[in-house]
Ligand code: FES
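Below is the structure:
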């Protein structure tokens, strides 16, 4: 194996942060359901094999204003998704085929 080969081909992190009180957070926008959907769809596509794709939970990624948020490495592509069909598109287009889903990109100036 080449020393430069990444352990995973692609790695997606979902912010699942839950805040107390009235502060907004990704957990309030069905982030857990999106994470679960991503895992099941990636599995159905055969992407969860060794060396392929890893789907991980994350805490706040500090881009809450664009939430719910997910980020894919190694491309460092940030997504603001809305529903299950968005997740399915990220899985099939980006995680499986390596094609970034332009319509779901988090605007570059969006932060906390
Ligand atoms: S709460 Fe999700 S990015 Fe901050």
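Residue numbers (my numbering): 1211 to 1322.
Every residue, glycine too, gets a C-beta built ideally from N, C-alpha and C.
- Proximity to residue 1218 across 1272, 1264, 1282 peaks at 1264, based on C-alpha coordinates.
- Using a 10 angstroms sphere on the CB of residue 1254, the tally of other CB atoms stays under 16, which defines it as exposed.
- Inter-residue distance for residue 1299 and residue 1321 is about 24 Å (C-alpha atoms, whole angstroms).
- Linking residue 1236 to residue 1290 through their CA atoms gives a straight-line distance of about 10 Å.
- Listed in chain order, the non-local C-beta contacts of residue 1223 below 6 Å within the same chain comprise 1266, 1268, 1281, local neighbours out to five positions each way being set aside.
- Nearest to residue 1317 by C-alpha distance, out of 1296, 1239, 1306, 1279, is 1279.
- Each of 1220, 1310, 1308, 1241 was checked against the Cα of residue 1292, and the nearest Cα belongs to 1241.
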